[in-house]
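Each remark here refers to the structure printed beneath this line.
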Ligand code: AMP
Ligand code: MG
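Residue numbers (the working numbering): 2 to 401.
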């Protein structure tokens, strides 16, 4: 087992034991939030044929020098039959999306025409740019949706445009989540004097779901080896296990102990603050991330270590895949303390300034302060031994 690794090293080690990636084919109706497992090619040209972007008249540009009168030879409507050919001195009534008649090369919008029996008076400019050209958006076979793209409304609309009603997606891995600690009570229950509400499993479950996986949340396990072993054993039917708490140096930090004695840990302790003591390895063949118990620490470690692990395992697309934060450059409005020898992730509120993003601090930075994760929407990425001074521009994660 490696100890005191950098976050980059921790991510690299975790990649040696990826989440299993399975795939399935599902209906487009059920695809929101899912992730493509194969690129999908267009089954059609888009547009399929030259068509009009406007309601008006399809004309021959050279026939319309100033105010002209043309003979109407018929009409072209979306979904209608083949329109008549437009010859010299002729025009064809046309609707948005309808096929451009042979012979026509420009559209005059209906507002700039006046019909007079079988004729139309052209008062405006004929515009070739109102013709949408065949395949100007997509050609048959073009892979417009790449592997690892998360499917939101626009992607789903495009899949339908390309002719797909069933699409290949990554099967959502099931990730078990369990908090540990004798002090933890379920929200909604009466608290004994020494108890607090358990929150990490709920926050982590939400993060797991946002990363395109299924969260299997377990009620908190008490701090006894037998109970912890029983709970962990019951979770090995999932694809991975996330624990929170019990991973530091204390006497009751039993997740660390049981992993050292009975599991296969690959690393322990990462040079980051908050979130120093995470452990990663396998529990009886199932990958296990042991996150620290402090609420902020567990979420921050999820952002820094678990998100890249999931994204890499499931081949998420770098910019189009599910992600919870974007790396940005931010000008600090307040001083933020760095950490000796550790990547420092202070909470900041990122907002758009005049020409740049700005970051400010609004609550105290204790790793037990769950409210600080709501009062702020970003994390500094201060390199080890670096202070953040007001006025400086630094790297940060902008969380969504
Ligand atoms: P531990 O890592 O188990 O030493 O816990 C560190 C701190 O986080 C302690 O103050 C715990 O009470 C608190 N804590 C641990 N797990 C949770 C949890 N699931 N929800 C809320 N607080 C927790
Ligand atoms: Mg504990």
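Every residue, glycine too, gets a C-beta built ideally from N, C-alpha and C.
Fill in: Same chain only: Cβ atoms within 7 angstroms of residue 88, ignoring 5 sequence neighbours per side
The sequence position of residue 88 within the chain shown is 87, counting from 1. Excluding sequence neighbours, residue 88 sits near 104.
Worksheet item: CB of residue 290 to nearest heavy atom of the ligand MG: below 7 angstroms?
Response: Within the chain shown, residue 290 is the residue found at index 289, counting from 1. No, Cβ of residue 290 sits at least 7 angstroms from all heavy atoms of the ligand MG.
Fill in: Host alpha helix (DSSP H) of residue 354 (start-end)
As a position in the chain shown, residue 354 is number 353, starting the count at 1. For residue 354, no alpha helix (DSSP H) run applies, since DSSP gives it neither H nor E.
Worksheet item: Going straight from the alpha carbon of residue 23 to that of residue 172, what length do you get?
Response: Residue 23 sits at position 22 when you count from the first residue of the chain shown. Residue 172 sits at position 171 when you count from the first residue of the chain shown. For residue 23 and residue 172, the distance between alpha carbons rounds to 5 angstroms.
Worksheet item: Near the ligand MG, which residues have their beta-carbon less than 7 angstroms from any of its heavy atoms, given in chain order?
Response: Listed along the chain, these residues meet the criterion: 181, 182, 224, 246, 247, 253, 254, 294.
Worksheet item: Quick one: what's got a C-beta closer than 8 angstroms to residue 170's C-beta in the same chain, skipping five residues either side?
Response: For this step, residue 170 is matched to residue 169 along the chain shown. Taken in chain order, the residues that qualify are 24, 25, 26, 27, 32, 35, 36, 37, 38, 152.
Worksheet item: The beta strand (DSSP E) spanning residue 201 covers which residue range?
Response: The residue given as residue 201 occupies position 200 in the chain shown. Taken as a continuous stretch (DSSP letters only), residue 201 belongs to no beta strand (DSSP E), being part of the alpha helix (DSSP H) at 201-211.
Discussion item. Quick check on residue 130: buried or exposed, where buried means 16 or more other Cβ atoms within 10 Å of its Cβ?
Written reply: One-based indexing of the chain shown puts residue 130 at position 129. Exposed, since its Cβ has fewer than 16 Cβ neighbours within 10 Å.
Discussion item. Given 7 angstroms as the limit, tell me if residue 251 has its C-beta closer than that to any heavy atom belonging to the ligand AMP.
Written reply: The sequence position of residue 251 within the chain shown is 250, counting from 1. Because some heavy atom of the ligand AMP lies under 7 angstroms away, the Cβ of residue 251 counts as near it: yes.
Worksheet item: DSSP on residue 158, reduced to helix/strand/coil?
Response: Taking the first residue of the chain shown as 1, we reach residue 158 at position 157. In the structure shown, residue 158 adopts helical secondary structure according to DSSP, grouped into three states.
Worksheet item: How do the segment 247-264 and the segment 223-235 stand: do at least 3 beta-carbon pairs fall below 8 angstroms, yes or no?
Response: yes
Discussion item. So, under 8 angstroms CB-CB, residue 181 and residue 246 are touching, yes? Tell me the CB distance rounded to an integer number of Å.
Written reply: Taking the chain shown and counting its residues from 1, one reaches residue 181 at position 180. Taking the chain shown and counting its residues from 1, one reaches residue 246 at position 245. Yes, residue 181 and residue 246 are in contact; Cβ-Cβ is about 4 angstroms, under 8 angstroms.
Fill in: Cutoff 7 angstroms; reference residue 55; Cβ partners in own chain excluding five residues on either side
By 1-based counting over the chain shown, the position of residue 55 is 54. Cβ within range, chain order: 97, 108, 110, 131.
Worksheet item: Looking only at its own chain, which residues have a Cβ that is under 8 angstroms from the Cβ of residue 330, when we skip the five neighbours before and after it?
Response: The sequence position of residue 330 within the chain shown is 329, counting from 1. If we look at residue 330 and ignore the five residues flanking it on each side, its Cβ neighbours are 357, 358, 394, 395, 396, 397.
Worksheet item: Per DSSP, what kind of secondary structure is residue 3 in: helix, strand or coil?
Response: Residue 3 sits at position 2 when you count from the first residue of the chain shown. Looking at residue 3 - three-state DSSP - the assignment turns out to be strand.
Worksheet item: Residue range of the beta strand (DSSP E) that residue 280 falls in?
Response: Residue mapping note: residue 280 aligns to position 279 of the chain shown, counting from 1. It spans 280-284 - the beta strand (DSSP E) in which residue 280 sits, taken as one unbroken run.
Practice prompt. Would you tell me roughly how many angstroms separate the C-alpha atoms of residue 84 and residue 147, rounded to the nearest one?
Written response: Working through the chain shown from its first residue, we reach residue 84 at position 83. Working through the chain shown from its first residue, we reach residue 147 at position 146. Here the alpha carbons of residue 147 and residue 84 stand approximately 37 angstroms from one another.
Practice prompt. Note down, one range per segment and in chain order, each beta strand (DSSP E) of at least 3 residues found wholly within the segment 287-363.
Written response: Runs of the beta strand (DSSP E) inside the segment 287-363: 287-292, 326-333, 348-353, 358-361.
Discussion item. Tell me the residue span of the alpha helix (DSSP H) that contains residue 221.
Written reply: Taking the first residue of the chain shown as position 1, residue 221 is located at position 220. It is not in any alpha helix (DSSP H) - residue 221 carries neither H nor E in the DSSP assignment.
Discussion item. Please list the terminal residues of the continuous beta strand (DSSP E) segment that includes residue 380.
Written reply: The sequence position of residue 380 within the chain shown is 379, counting from 1. Residue 380 -> beta strand (DSSP E) spans 379-381.
Worksheet item: Nearest to residue 298 by alpha carbon, out of 373, 258, 350?
Response: As a first step, residue 298 must be located in the chain shown, where it is residue number 297. Minimum Cα distance to residue 298 is reached at 373.
Practice prompt. Alpha carbon to alpha carbon, how far is residue 52 from residue 123? Give it in angstroms, no decimals.
Written response: To locate residue 123, count along the chain shown from 1; it is residue 122. To locate residue 52, count along the chain shown from 1; it is residue 51. The alpha-carbon atoms of residue 123 and residue 52 are separated by roughly 20 angstroms.
Worksheet item: Out of curiosity, what's the CA-to-CA distance linking residue 266 and residue 142?
Response: Counting from one through the chain shown, the residue named residue 266 turns up at place 265. Counting from one through the chain shown, the residue named residue 142 turns up at place 141. Going by the C-alpha atoms only, they are around 46 angstroms apart.
Worksheet item: Quick one: what does DSSP say residue 398 is sitting in, helix, strand or coil?
Response: Along the chain shown, read from residue 1 onward, the residue named residue 398 stands at position 397. In the structure shown, residue 398 sits in a strand (DSSP, three-state: E or B).
Item to complete: Please find out if some non-hydrogen atom of the ligand AMP comes closer than 7 angstroms to the beta-carbon of residue 226.
Response: Along the chain shown, read from residue 1 onward, the residue named residue 226 stands at position 225. Residue 226 Cβ: outside cutoff for every heavy atom of the ligand AMP.
Item to complete: Note down the Cα distance separating residue 188 from residue 177, rounded to an integer number of angstroms.
Response: Your numbering for residue 188 matches position 187 in the chain shown. Your numbering for residue 177 matches position 176 in the chain shown. So the two alpha carbons sit approximately 19 angstroms from each other.
Discussion item. Checking 8 angstroms against the spacing of the C-beta atoms, do residue 379 and residue 338 come in under that value?
Written reply: Start at 1 with the first residue of the chain shown, and residue 379 comes out as number 378. Start at 1 with the first residue of the chain shown, and residue 338 comes out as number 337. Not closer than 8 angstroms, so no.
Worksheet item: Out of 316, 277, 282, 86, which has the shortest C-alpha to C-alpha gap to residue 6?
Response: Position 5 of the chain shown, counting from 1, holds the residue named residue 6. Comparing Cα-Cα distances from residue 6 to each of 316, 277, 282, 86, the minimum goes to 277.
Worksheet item: Name the DSSP beta bridge partners of residue 430, please?
Response: Any question about residue 430 goes unanswered here, given that the chain covers just 2 to 401.
Discussion item. Quick check on this structure: which residue in 2, 21, 13, 11 has the alpha carbon closest to the alpha carbon of residue 316?
Written reply: Taking the first residue of the chain shown as 1, we reach residue 316 at position 315. Taking only the C-alpha atoms, the option nearest residue 316 is 21.
Item to complete: For residue 43, count neighbouring Cβ atoms within 10 angstroms of its own Cβ and tell me buried if that reaches 16, exposed if not.
Response: For the purposes of this step, residue 43 is taken as the residue at position 42 of the chain shown. By the neighbour-count rule (16 or more Cβ atoms within 10 Å), residue 43 is buried.
Item to complete: May I have the straight-line CA-CA distance separating residue 59 from residue 45, to the nearest angstrom?
Response: On the chain shown, residue 59 is found 58 positions in, with the first residue counted as 1. On the chain shown, residue 45 is found 44 positions in, with the first residue counted as 1. Whole-angstrom Cα-Cα distance: 25 angstroms.
Practice prompt. Please state whether DSSP places residue 193 in a helix, a strand or coil.
Written response: By one-based count along the chain shown, residue 193 stands at place 192. The three-state reading of DSSP puts residue 193 in coil, since its state is none of H, G, I, E or B.
Worksheet item: How about residue 3: is its Cβ closer than 7 angstroms to a heavy atom in the ligand AMP?
Response: Indexing the chain shown from 1 puts residue 3 at position 2. Flag unset: Cβ of residue 3 not near the ligand AMP.
Worksheet item: Would you call the CB atoms of residue 273 and residue 333 closer than 8 angstroms?
Response: Numbered from 1 along the chain shown, position 272 holds the residue referred to as residue 273. Numbered from 1 along the chain shown, position 332 holds the residue referred to as residue 333. In this structure, the beta-carbon distance from residue 273 to residue 333 does not fall below 8 angstroms.
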